[in-house]
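Let me begin by presenting the structure, written as structure tokens, before commenting on it.
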Amino acid sequence: MKSIRLNLLLASAVVVMAAGWYTPAAAQVSAAPTQTTIERGVTVKVTPKTFSGAMWEFAVVLDTHAEDLKDDLQKTAVLVVDGREVQPVAWQGPGAGGHHREGTLTFPAPVRTPDAVELRIQRAGEATPRVFRWDSATLK
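Residue 1114 in our numbering sits at position 128 of the sequence shown; the count goes up by one each step and never skips.
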């Protein structure tokens, strides 16, 4: 009986450890670093989540204590790839309002890996867009 329990315990441990080591390709996180801008009391942080597959995803965090975050990121964000602007196909996160918003912007992936990509977020009341740029070395 002890032998059976020991074998079950060991088998369970192996399954748990193997599950922790396996990450499907679609779920792999890019090594691209988070970029942050702070203007007019609003912090915007962007982290690329995936630069592979049919869709590219960026984690976006907005924080402030100065105003309500009314941004419609699906309308105010654009990805610039090889000089061409690409609109996001989805925003997964809370809607406008509040002082903290966090979600994912999804864009269709380009046909080939570009030399660089630039995510631009134009916030109401700001003269120029917030710009987040990653070069080809980070896109792989």
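Note that CB positions come from ideal geometry on N, CA and C, so glycine has one too.
Do residue j and residue i count as a contact pair if the criterion is CB distance below 9 Å?
{"i": "P1177", "j": "R1106", "result": "This structure leaves residue 1177 out entirely; the chain is present only between 987 and 1126."}
{"i": "V1028", "j": "T1050", "result": "yes"}
With residue i and residue j assumed to form a contact (beta carbons below 8 Å), what rounded beta-carbon distance in angstroms separates them?
{"i": "K1056", "j": "A1082", "result": "4 Å"}
{"i": "P1074", "j": "T1092", "result": "6 Å"}
{"i": "L1065", "j": "W1077", "result": "With a Cβ gap of about 13 Å, L1065 and W1077 do not count as contacting."}
Which value, in whole angstroms, describes the spacing of the CA atoms of residue i and residue j?
{"i": "A1102", "j": "V1046", "result": "19 Å"}
{"i": "R1109", "j": "P1094", "result": "22 Å"}
{"i": "H1085", "j": "D1054", "result": "6 Å"}
{"i": "T1022", "j": "V1030", "result": "6 Å"}
{"i": "V1067", "j": "M1041", "result": "14 Å"}
{"i": "A1123", "j": "A1113", "result": "30 Å"}
List the endpoints of the continuous alpha helix (DSSP H) containing residue i.
{"i": "K1061", "result": "L1059 to T1062"}
Residues in the same chain with beta-carbon distance under 6 Å from residue i, minus the five sequence neighbours each way, listed in chain order, please.
{"i": "G1111", "result": "none"}
Is there a Cβ of chain D sitting closer than 9 Å to that of residue i, yes or no?
{"i": "I1107", "result": "Reference to chain D is not applicable here, since this structure consists of a single protein chain."}
Grab the span of the beta strand (DSSP E) containing residue i for me, first residue to last.
{"i": "G1089", "result": "H1086 to P1094"}
{"i": "A1076", "result": "A1076 to Q1078"}
If you drop the 5 nearest sequence neighbours on each side, which residues of the same chain put their C-beta closer than 8 Å to that of residue i?
{"i": "E1088", "result": "A1045, V1046, V1047, L1048, G1079 and P1080"}
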